[in-house]
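A.B. asks: The sequence shown begins at 10 in my numbering and counts up one residue at a time. Even for Gly, the Cβ is constructed at its ideal location relative to N, Cα and C.
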Amino acid sequence: MEQELNTQASRTVLVRIRAALPALRPSERSVAELVLADPSRAAMLSIGDLAEQGGTSTTSVVRFYRKVGYRGYSELRLDLARETARESSASNAPAAIYEDINPSDSLQDIVSKIAFNETMSIADTAQVLDVDKLASAVEVISRSRKIDIFGVGAGGLVGQDLQQKLHRIGLTSFNWPEVHVALTSAALLDGAGVAVGISHSGTTVDTVDFLKAGKEAGATTVAITNHADSPLGRTADIVLSTAARETPFRPGAMGSRIAQMMVVDCLFVGVAQHSYEASISALRKTHAAVQGRKLPRGHGLA
């Protein structure tokens, strides 16, 4: 418990709020979403004003800030002000960049907002990713007989990327695009296998069931998710956490994909480094195999 509190305290206020979202009551979640929509403005509101604008009570605001690790409302406001100032200074970004995309935005505004959102998703994920857990995932994947990977939607695309990377260094890995084949494959895993489930919310039923099937078969289970305290996270032996940013116009399928890809890249490089010479040899062979498929320089198509 003490380790969990220390981990939470080391995270920024906005990361802590996003991670807590699935566990919040509807009234508390409305407060959280109001804060995340415009943290600099929320830092200026009294507890009564925040409750009123969130359509809830001051009691719900109190429950909200306690669930994200604060003893008092003033501490929350101070951290919100500090964090928005830090992010703005670090990225040289105007306050308006925190706002969601709106109909009056120019294409340049859209580019700036998306670039900021995805850059901060990567930075936040680097902060919350537990290196010890990453090392554990690297170890079990490196010595596994077979790796089964499954995700739905954007998670499936990220799973495909992980499978292709592992395949290129000679590891037997499969990314299953459909839940029935994923479940049947997971059921055939054993103690020498690994099941990897990818879900931003951690509540996607198919992905949770896949990881449960792998676990029941005896495999080590790994979850890549934004919410460690979710059904997927609680099922997994190892949780690799992301910290993607969501807004109504930029849903998890955008921010989550970027954050998950960063985790996948870290995982892959760790696995490749684990057997460095063999991985380098395999990468050279696979690179050479496709080099001949490229048109020579200066060759145009008729």
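Rounding to the nearest angstrom, what Cα-Cα distance links Thr229 and Leu138 in this structure?
C.D. replies: To locate residue 229, count along the sequence shown from 1; it is residue 220. To locate residue 138, count along the sequence shown from 1; it is residue 129. Spanning the two alpha carbons is a distance of roughly 19 Å.
A.B. asks: Using 8 Å for Cβ pairs, my map puts Glu92 next to Thr193. What's the rounded Cβ distance?
C.D. replies: Indexing the sequence shown from 1 puts residue 92 at position 83. Indexing the sequence shown from 1 puts residue 193 at position 184. Going by Cβ atoms, the distance from Glu92 to Thr193 rounds to 46 Å, so no, they are not a contact pair.
A.B. asks: Mind checking which residues open and close the beta strand (DSSP E) that includes Asn235?
C.D. replies: Counting from one through the sequence shown, the residue named residue 235 turns up at place 226. Note, Asn235: premise wrong, no beta strand (DSSP E); not H, not E.
A.B. asks: Short check: CB of Gly179 to CB of Ala287, under 8 Å?
C.D. replies: As a position in the sequence shown, residue 179 is number 170, starting the count at 1. As a position in the sequence shown, residue 287 is number 278, starting the count at 1. Yes, the Cβ-Cβ distance between Gly179 and Ala287 is below 8 Å.
A.B. asks: Within the same chain, show all residues whose beta-carbon is closer than 8 Å to that of Thr216, passing over the 5 residues directly before and after it, in chain order.
C.D. replies: Counting from one through the sequence shown, the residue named residue 216 turns up at place 207. Correct list, in chain order: Phe159, Gly160, Val161, Gly164, Gly206, Ile207, Ser208 and Leu241.
A.B. asks: What did DSSP end up calling Leu304 once you bin it into helix, strand or coil?
C.D. replies: Indexing the sequence shown from 1 puts residue 304 at position 295. Residue state, collapsed to three classes: coil.
A.B. asks: Under the three-state reduction of DSSP, which class applies to Phe258: helix, strand or coil?
C.D. replies: Numbered from 1 along the sequence shown, position 249 holds the residue referred to as residue 258. With a pLDDT of only 48 at Phe258, under 50, the local geometry of the prediction cannot be trusted, and the value read off the model is given with reservation. Here Phe258 sits in coil by DSSP.
A.B. asks: Touching or not, the segment 31-43 and the segment 222-239, by the rule of three or more beta carbon pairs under 8 Å?
C.D. replies: Result yes; three or more Cβ-Cβ pairs closer than 8 Å.
A.B. asks: Verify whether the separation of the beta carbon atoms of Ile26 and Glu127 is less than 8 Å.
C.D. replies: Position 17 of the sequence shown holds residue 26. Position 118 of the sequence shown holds residue 127. Taking 8 Å as the Cβ cut-off, Ile26 and Glu127 do not qualify as a contacting pair.
A.B. asks: For Gly168, which of helix, strand or coil comes out of DSSP?
C.D. replies: Here residue 168 corresponds to residue number 159 of the sequence shown, with the count starting at 1. Helix at Gly168.
A.B. asks: Helix, strand or coil for Ile247, going by three-state DSSP, please let me know.
C.D. replies: Taking the first residue of the sequence shown as position 1, residue 247 is located at position 238. Strand, per DSSP.
A.B. asks: By Cβ distance, which residues of its chain are closer than 6 Å to Ser130, with the 5 residues on each side in sequence left out?
C.D. replies: Position 121 of the sequence shown holds residue 130. The residues are Ala253, Arg254, Gly264, Ile267 and Ala268.
A.B. asks: Does the Cβ of Arg259 have 16 or more other Cβ atoms within 10 Å, making it buried, or fewer, making it exposed?
C.D. replies: The residue given as residue 259 occupies position 250 in the sequence shown. Only weak support is given to the placement of Arg259: the predicted model assigns it a pLDDT of 49, under 50, and the value that follows is read from those uncertain coordinates. Buried, since its Cβ has 16 or more Cβ neighbours within 10 Å.
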